[in-house]
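According to numbering that gives the first Met the number 0, the stretch in the sequence shown is residues 0 to 311, in order.
All C-beta atoms, glycine included, are put in the ideal place defined by N, C-alpha and C.
Everything below concerns the one structure shown next.
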Amino acid sequence: MRGRRVLVLGDLMLDEFLWGRVSRISPEAPVPVVEVNRHSFHVGGAGNVAANVRSLGGHAMLVSALGADAGGAQLRQAVAEAGVEARLLTWPAGRPTTVKTRIVAHHQQVVRADREHDADLDPRTAAALLAALGEELRRCDTLVVSDYRKGVVTPTLLRRLPALVRRRVPLLVDPKPRHFRLYRGATVVTPNQLEAEQATGLRLRSESELPAIGQRLLRLLGCRAALVTRGERGLSLFERGRPPLHVPAAAREVFDVTGAGDTVIATMGLALAAGASLSEAAVLANAAAGVVVGKLGTAQATPEELLASLSA
């Protein structure tokens, strides 16, 4: 996978962490008082997908948009520090960068505060984003769409993607149910179990019902495969013309599930770019996710960690 080029398109956000300890309860309300001793910033959303590609040895190109504010400036710096090449457009004046602030004490998240505006891209920015996407697509091996429903991945953009890609490279989508039927033409979609249930209208009450959900996803989208991530139960790959593949979770100890879905689709896209089969890519993605949930905060896996996980 080293050196393969993955183009990541999607909603970019800044993950802010305040780290500390709790020794008392506030006299003003029954809430813990966190004494902050560390402050850190990380790329989130589509940026975390690109950072995972880079951490695994691939070349990541990120196409997205952010605000002309302090959060945007911090995010540009975090993207550069992650070693990710980027084409970052600027939102119109007044629209903020998406920032998710997490307060963590004693290895546990106490609270999260979100600052965001999730309206769709304005027409001018959307046209510039499509132009950048078309230019970068010519030199990439895989396209990954990270849809967090924060305004970058719009219905208009999704309708234009199949013609833009024209089957030249694999197209992977980390979806949201509201846009689900617009993902037709994707090579692989990677919903979590709840998103798969919402998209298909089927409720998973027992393991025997899982194949029906997978088959309906394939029919709805006409895609080559659907990879359903299932948390502590691992993931399930549904591929046209093949029996389902169920891969048990690789994590031995879970500290934080933040960004695990980003790791899955990044690893999957990078593996397909390197010529892996869908089943091989799914096993690698599951192992990489097992690595990152064993870390605190927004995290990535390295090739060495992935190899160690596979040989354990």
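#1: How do the segment 265 to 273 and the segment 45 to 52 stand: do at least 3 beta-carbon pairs fall below 8 Å, yes or no?
#2: Alpha carbon to alpha carbon, what distance is there between residue 44 and residue 92?
#3: Out of 261, 34, 14, 151, which one is the CA nearest neighbour of residue 70?
#4: Which complete alpha helix (DSSP H) runs does the segment 91 to 155 hold, if anything under 4 residues is left out?
#5: Have a look at 138, 36, 95 and flag the residue whose alpha-carbon is nearest the alpha-carbon of residue 2.
#6: Let me know the secondary structure DSSP gives residue 173 once reduced to three states.
#7: Would you kindly work out how many angstroms separate the C-alpha atoms of residue 217 and residue 112, rounded to a whole number?
#8: If you run the structure through DSSP and keep just helix, strand and coil, what is residue 28?
#9: May I have the straight-line CA-CA distance separating residue 222 from residue 33, to the nearest angstrom?
#10: Could you compute how far the alpha carbon of residue 11 sits from the alpha carbon of residue 203?
#11: Excluding sequence positions up to five away, which residues of its chain have a Cβ less than 6 Å from the Cβ of residue 287?
#12: Contact between the segment 23 to 39 and the segment 93 to 100: three or more CB pairs below 8 Å?
#13: Measure the Cβ-Cβ separation of residue 233 and residue 211 and say whether it is below 9 Å.
#14: In angstroms, rounded to a whole number, what distance separates the CA positions of residue 255 and residue 208?
#15: Quick check: the Cα distance between residue 272 and residue 66, rounded to an integer number of angstroms?
#16: In whole angstroms, what separates the C-alpha of residue 174 from that of residue 183?
#17: Is it buried or exposed, residue 81, if we count other Cβ atoms within 10 angstroms and call 16 or more buried?
#18: Measuring from the CB of residue 162, is there a heavy atom of the ligand HEM at a distance below 8 Å?
#19: What separation, rounded to the nearest whole angstrom, lies between the Cα atoms of residue 39 and residue 311?
#20: At the level of alpha carbons, what is the spacing between residue 144 and residue 152?
#21: Three Cβ pairs or more, each shorter than 8 Å: is that satisfied between the segment 155 to 170 and the segment 190 to 200?
#22: Using a threshold of 9 Å, state whether the C-beta atoms of residue 170 and residue 142 are closer than that.
#23: For residue 267, which residues does DSSP report across the bridge?
#24: Measure the Cβ-Cβ separation of residue 235 and residue 200 and say whether it is below 9 Å.
#25: Put residue 86 into one of helix, strand or coil per three-state DSSP.
#26: Comparing alpha-carbon positions, which option in 122, 246, 303, 118 lies nearest residue 279?
#27: Rounding to the nearest angstrom, what Cα-Cα distance links residue 180 and residue 31 in this structure?
#28: Between the C-alpha atoms of residue 243 and residue 285, what's the straight-line distance to the nearest angstrom?
#29: According to DSSP, what are the bridge partners of residue 228?
#30: How should residue 238 be labelled, buried or exposed, when 16 other C-beta atoms within 10 angstroms of its C-beta is the threshold for buried?
#31: Near residue 185, which residues of its chain fall below 6 Å by C-beta distance, leaving aside the five closest residues on each side in sequence?
#32: Does any residue of chain C have a CB that is nearer than 9 Å to the CB of residue 195?
Looking at the coordinates:
#1: Yes: the two stretches touch, three or more of their Cβ pairs being nearer than 8 Å.
#2: Taking the straight line from one Cα to the other gives about 22 Å.
#3: With distances taken between CA atoms, residue 70 lies nearest to 14 out of 261, 34, 14, 151.
#4: The alpha helix (DSSP H) runs of length 4 or more contained entirely in the segment 91 to 155 are, from start to end of the chain, 122 to 136.
#5: Ranked by Cα distance from residue 2, the first of 138, 36, 95 is 138.
#6: Three-state result, residue 173: strand.
#7: Take the alpha-carbon of residue 217 and the one of residue 112: they are about 36 Å apart.
#8: Residue 28 carries a coil assignment under DSSP once its states are collapsed to helix, strand and coil.
#9: If you take the alpha carbons of residue 222 and residue 33, they lie about 47 Å apart.
#10: Taking the straight line from one Cα to the other gives about 31 Å.
#11: Result list for residue 287: 262, 266, 300, 305, in chain order.
#12: The answer is no - the segment 93 to 100 does not touch the segment 23 to 39, with fewer than three Cβ pairs under 8 Å.
#13: Not in contact: residue 233 and residue 211 (Cβ atoms no closer than 9 Å).
#14: Note on residue 255: pLDDT 48, under 50, position unreliable in the model; no value is reported.
#15: So the alpha carbons of these two residues sit roughly 31 Å apart.
#16: So the two alpha carbons sit approximately 11 Å from each other.
#17: Looking at its Cβ environment, which holds 16 or more other Cβ atoms inside 10 Å, residue 81 is buried.
#18: Although the ligand HEM was asked about, the structure shown includes no ligands whatsoever.
#19: Separation of residue 39 and residue 311 (C-alpha to C-alpha, rounded to the nearest whole angstrom) is 31 Å.
#20: C-alpha separation (whole angstroms): 8 Å.
#21: Judged by Cβ distances under 8 Å, the segment 155 to 170 makes no contact with the segment 190 to 200, as fewer than three pairs qualify.
#22: Yes.
#23: Partner(s): none; residue 267 has no beta bridge.
#24: Their beta carbons are not under 9 Å apart, which means residue 235 does not touch residue 200 by this criterion.
#25: Under the three-state reduction of DSSP, residue 86 is assigned to strand.
#26: Cα-wise, what sits closest to residue 279 is 246.
#27: Straight-line spacing of the CA atoms in residue 180 and residue 31 works out to 44 Å.
#28: Spanning the two alpha carbons is a distance of roughly 15 Å.
#29: 191, 234.
#30: Residue 238 should be labelled buried.
#31: Close CB contacts of residue 185 within its chain, under the 6 Å cut and outside five residues either way in sequence, are with 170, 172, 222 (chain order).
#32: This model lacks chain C altogether, as it is built from one protein chain only.
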